[in-house]
Amino acid sequence: ASTGGPPVIQKILAELPRDFAPPILIVQHMAEGFIRGFAEWLGQTSALPVHVAFHGSMTRSGHVYIAPDKTQMKIDASGRLLCLNEGAENGLRPSVSYLFRSVAEVYGKHAVGVLLTGMGKDGAQELRLMRDKGAITVAQNEETSAVFGMPGTAIRLEAARYVLPADKIAMVMTSLVMAKAGKNGWG
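Residues 386 to 572 in our numbering are what the sequence shown spells out, letter by letter.
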């Protein structure tokens, strides 16, 4: 997410149930120095533990990990987060594109990608990559986006299987993940 993202992320996390199994990885475009406070704020209303990711941290079911300042975050096949001092992508560090690409490559059809409000196109092409690999993909709709750049680009690329208002994303994520868990054994 980018512009307008924090309250949408907060609402989604607050509505996810305590037994939501998959780990959640978040990239929020934010001024340097504010990520830790953002994580603490999210943790006040989420039933899921919220952490700022660090290089080498192992993801755990039902935990939320936020990309740290000035790094690119990706995940490997063992569920380990890599927070790397790599260059900007789409002019951004952290970049949604960088994260989504790794999720698509490593988890494919076992992943869920959600692209929220924000300027530019960060994450849009990679959400399409996730969809092409069989992942569940969601974009926030125009009516509830503060800025429709990122989700709008994803929708134009036919990257989003579901286009939803902000207040429906958590409910649909929960339903889809629970249905997928019944088939694949998430958690």
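We put the CB at the ideal spot given by N, CA and C, even for glycine. Please read these numbers as outputs of a predicted model, since none were measured by experiment.
Handout entry: Buried or exposed (CB count within 10 angstroms, at least 16 for buried), residue 443
Key = Looking at its Cβ environment, which holds fewer than 16 other Cβ atoms inside 10 Å, residue 443 is exposed.
Exercise for the section: Look at the alpha carbon of residue 449 and the alpha carbon of residue 390, and state the distance between them as a whole number of angstroms. Expected result: Their Cα atoms are separated by approximately 15 Å.
Practice task
Can you check DSSP and say which residues form a bridge with residue 477?
Solution key: For residue 477, which the question treats as bridged, DSSP gives the partners 474.
Problem - Any chain B beta carbon closer than 7 Å to residue 413 - result: Although the question refers to chain B, the structure presented lacks it and comprises just one protein chain.
Exercise for the section: Report yes if the C-beta distance between residue 544 and residue 520 is below 7 Å; otherwise report no. Expected result: The Cβ atoms of residue 544 and residue 520 do not sit closer than 7 Å to each other.
Exercise for the section: Could you tell me the distance, in whole angstroms, from the CA atom of residue 435 to the CA atom of residue 479? Expected result: Straight-line spacing of the CA atoms in residue 435 and residue 479 works out to 18 Å.
Problem - Stretch pair the region 532 to 539 + the region 415 to 432: three plus CB contacts closer than 8 Å - result: Because the criterion of three Cβ pairs below 8 Å is not met, the region 532 to 539 and the region 415 to 432 do not touch.
Practice task
In the DSSP assignment, find the unbroken beta strand (DSSP E) run with residue 549 in it and report its ends.
Solution key: It spans 547 to 549 - the beta strand (DSSP E) in which residue 549 sits, taken as one unbroken run.
Practice task
Starting from the Cα of residue 549, find the closest Cα among 404, 481, 469, 498 and give me that residue.
Solution key: Ranking the options by Cα distance to residue 549, first place goes to 498.
Problem - Rounded separation between residue 465 and residue 487 - CA only - result: Residue 465 and residue 487 have their C-alpha atoms some 12 Å from each other.
Practice task
Pair every Cβ in the region 427 to 441 with every Cβ in the region 497 to 511, then say whether three or more of these pairs are closer than 8 Å.
Solution key: Verdict: no, contact absent.
Problem - Span separating the alpha-carbon of residue 403 from that of residue 455 - result: CA-to-CA, the gap between residue 403 and residue 455 works out to about 30 Å.
Practice task
Quick one: grab the DSSP three-state call for residue 523.
Solution key: It is a strand residue.
Handout entry: Check whether residue 527 and residue 485 have beta carbons under 7 Å apart
Key = Result no, Cβ atoms of residue 527 and residue 485 do not sit closer than 7 Å.
Problem - Close Cβ partners of residue 399 (< 7 Å) along its chain, the five nearest in sequence each way excluded - result: A distance below 7 Å between beta-carbons, with the five flanking residues on each side excluded, links residue 399 to the following residues of its chain, in chain order: 430, 431.
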